[in-house]
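Numbering (our numbering), first residue to last: 1448 to 1769.
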């Protein structure tokens, strides 16, 4: 059992490091600051898991079943620092996706969470209750970030951003469910299941871990690696442009993939890029130095290849496509 936990922990740490490095690479070639938050997310979990690894293999954990089930709170201030990095990264990524990121919007919820966690470390003497509140507050802060993102999607997003965010509904729902399961596992494990487990080795390794949380991180790693790989492959074929608006940045990231899937010619792709900026046929003709009839022919071909019949349907097709 010890060997299995050792290999699992090492692979988990390597996965976090690989995901963080992929995200950093994607940031360097795309300058999308979302990847900085994703990188911080995996670094935070890598550090947390490394601390657990330290406790287990330097024998800082209690070695009797009676002591383990009391859930001693080891390294609370270091864990608070890692937790702060984690919740800041979650808020950073969510605010980047809904295009509302400011330092104030990050500092207020994260600062409140950190203050409560610090108060718990200082004031709550029962180590099991202290950890339950500590991690419960963190789960609540993450859920609040998701809630804010959903509220912005429903109330504050323009149609283009709404269509862009709609592509992420399945990962969003899955992550929200996993966060709820993380809290449920902590509650059940600390107050019900752990005292009933008689296998010392299993309880020893499980006492500082949350398996639902690990599943959530693995799920996020798959999404992050896939996104970073797509970004890196696009930039290999085409260097980044000087896009300045959020719409242009989102469109440029997705344009090469969409054009390839629908077999658009280079000129049709140029026309599509201008359509995404909201230009009419006359302005597109002027920008590309083409006749109006040629532009209309390109637009018709784009509609046919994308299997749509209007500009509105084309925009919806573009922003909804994964």
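Glycine included, C-beta positions come from ideal geometry on N, C-alpha and C.
| Item | Value |
| --- | --- |
| For residue 1726, which three-state DSSP category applies? | coil |
| Could you check whether the segment 1577–1584 touches the segment 1628–1644, counting it as contact only if at least three pairs of C-beta atoms, one from each stretch, sit closer than 8 Å? | yes |
| Is the distance from the Cβ of residue 1599 to the Cβ of residue 1545 below 7 Å? | yes |
| Drop a sphere of 10 angstroms on the beta-carbon of residue 1626, count the other beta-carbons inside from all chains shown, and report buried for 16 or more, exposed for fewer. | buried |
| Starting from the C-beta of residue 1591, find all residues in its chain whose C-beta is less than 8 Å away, skip the five residues before and the five after it, and write them out in chain order. | 1556 |
| Using three-state DSSP, classify residue 1710 as helix, strand or coil. | coil |
| What residues in its chain sit with their C-beta under 6 Å from that of residue 1463, if we drop five residues either side in the sequence? | 1489, 1492 and 1493 |
| Does the distance from the C-beta atom of residue 1745 to that of residue 1718 stay below 7 Å? | yes |
| Cβ of residue 1667 within 6 Å of any heavy atom in the ligand NAD? | Inclusion of the ligand NAD in the displayed structure is not the case, the ligand content being empty and no account of it being possible. |
| Give me the Cβ distance between residue 1672 and residue 1466, rounded to the nearest whole Å; I'm assuming they're in contact under 8 Å. | 6 Å |
| Counting along the chain, where does the alpha helix (DSSP H) carrying residue 1497 start and finish? | 1481–1504 |
| For residue 1611, name the three-state secondary structure that DSSP assigns. | helix |
| Note down the Cα distance separating residue 1760 from residue 1497, rounded to an integer number of angstroms. | 49 Å |
| Distance check for residue 1457 and residue 1722, CA to CA, integer angstroms please. | 48 Å |
| Just to confirm the assignment, what range does the alpha helix (DSSP H) spanning residue 1546 have? | Per DSSP, residue 1546 belongs to no alpha helix (DSSP H) and is neither H nor E. |
| Measuring only the C-alpha atoms, how far is residue 1730 from residue 1720? | 12 Å |
| So what does DSSP say about residue 1449, is it helix, strand or coil? | helix |
| Do residue 1655 and residue 1499 have their C-beta atoms within less than 7 Å of each other? | yes |
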